Amino acid sequence: GDSVTQTEGQVTVSESKSLIINCTYSATSIGYPNLFWYVRYPGEGLQLLLKVITAGQKGSSRGFEATYNKEATSFHLQKASVQESDSAVYYCALASNMGYKLTFGTGTSLLVDP
Amino acid sequence: NAGVIQTPRHKVTGKGQEATLWCEPISGHSAVFWYRQTIVQGLEFLTYFRNQAPIDDSGMPKERFSAQMPNQSHSTLKIQSTQPQDSAVYLCASSRDSNSDYTFGSGTRLLVI
């Protein structure tokens with residue numbers, strides 16, 4: 008079946024420093040899956056941060072970027088300069104086959120030190 | 004737009020009791036999804052309704068779990084004879100159609116003691 012791997016369970020970054028959260032995926036369906044990053048801020052529900060549905064394209068939102076790399080089957084999340092308000096749990100996800108079912112990674116908890 | 008509403012936010016049940024979780028999707032959204040989140044398994048798909056009809060329940064445990072959508076304004080997830088391993092956060096989401104972006108509710112945290 009489909010799977011998403013996030014290798015870092017927790018990341019601590021100082022404010023204004025750069026960030027990369029790794030995500031790799033494996034999809035069993037024919038064709039390329041849609042890729043997503045979701046975020047859960049403290050006390051809030053899970054919300055879509057960005058998505059990319061075309062291999063090779065880049066998605067961006069709130070200063071975050073992620074590039075759909077079909078050769079490496081990766082979709083790493085990056086930000087050039089993090090802020091304390093970025094502290095949250097970030098989930099990588101994919102949707103393949105019918106397109107409606109999301110397969111999530113285990114999540115990466117980001118703590119930004121002020 | 005109040006978003007996807009899930010009730011209750013927290014529920015504690017004794018082992019063997021029944022638990023019913025409620026979800027009110029966003030008005031006009033035809034697709035409703037249920038997911039479960041545990042520390043061990045992470046976020047898992049449970050089931051999907053489109054226009055109130057069950058489309059995919061491949062993630063539902065074969066026993067004790069059932070989901071319904073009797074009308075377009077709410078869906079329920081029922082767990083019979085709850086067990087400690089059913090303890091989890093149950094998330095409901097809706098979307099305009101099956102290919103649109105989800106909006107998740109805040110979840111129901113179920114604790115079975």
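Sequences listed follow chains A and B, in order. FYI, in our numbering the residues of the first sequence are 8 to 121. FYI, in our numbering the residues of the second sequence are 4 to 116. Every residue gets a Cβ at the ideal spot worked out from N, C-alpha and C, and that includes glycine. Just so we're clear, the structure is a prediction, and the values are computed from it rather than from any experiment.
Just the chain A side, please: which residues come within less than 8 Å of Y105 (chain B) by C-beta, in chain order?
L55 and L109
Is D89 (chain B) closer than 8 Å to A34 (chain B) when the C-beta atoms are compared?
no
Using 8 Å as the limit for Cβ to Cβ distance, is S109 (chain B) near chain A?
yes
Amino acids of chain E, ordered along the chain, whose beta-carbon sits closer than 9 Å to that of G31 (chain B):
In summary, chain E is missing from the structure at hand, where the protein chains are A and B.
If you reduce the DSSP assignment to three classes, tell me which class E91 (chain A) lands in.
helix
Does the CB of D59 (chain B) have a neighbour CB from chain A at under 8 Å?
yes
If you draw a straight line from the C-alpha of E91 (chain A) to the C-alpha of K24 (chain A), how long is it?
11 Å
Per DSSP, the bridge partner or partners of P33 (chain A)
The sequence shown places Ser at residue 33 (chain A), rather than the Pro named in the question. DSSP, once it has assigned bridges, lists A:S10 as partnering S33 (chain A).
Any C-beta of chain A sitting closer than 8 Å to the C-beta of A2 (chain B)?
The structure shown does not extend to residue 2 (chain B), since chain B is modelled only from 4 to 116, so the question has no answer here.
Neighbour list for L24 (chain B) in chain A, Cβ cutoff strictly below 8 Å
What L24 (chain B) touches in chain A: nothing, since even the nearest Cβ is about 15 Å away.
Does the beta-carbon of A96 (chain B) have 16 or more other beta-carbons within 10 angstroms, so that it is buried, or is it exposed?
buried
Exposed unless 16 or more other CB atoms sit within 10 angstroms - verdict on G112 (chain A)
buried
Look at the Cβ atom of N41 (chain A), then the Cβ atom of G114 (chain A), and state whether they are nearer than 8 Å.
no
Using the beta-carbon count (16 or more within 10 Å), is D120 (chain A) buried or exposed?
exposed
Looking at chain B, is there any beta carbon in it that lies within less than 8 Å of the beta carbon of T12 (chain A)?
no
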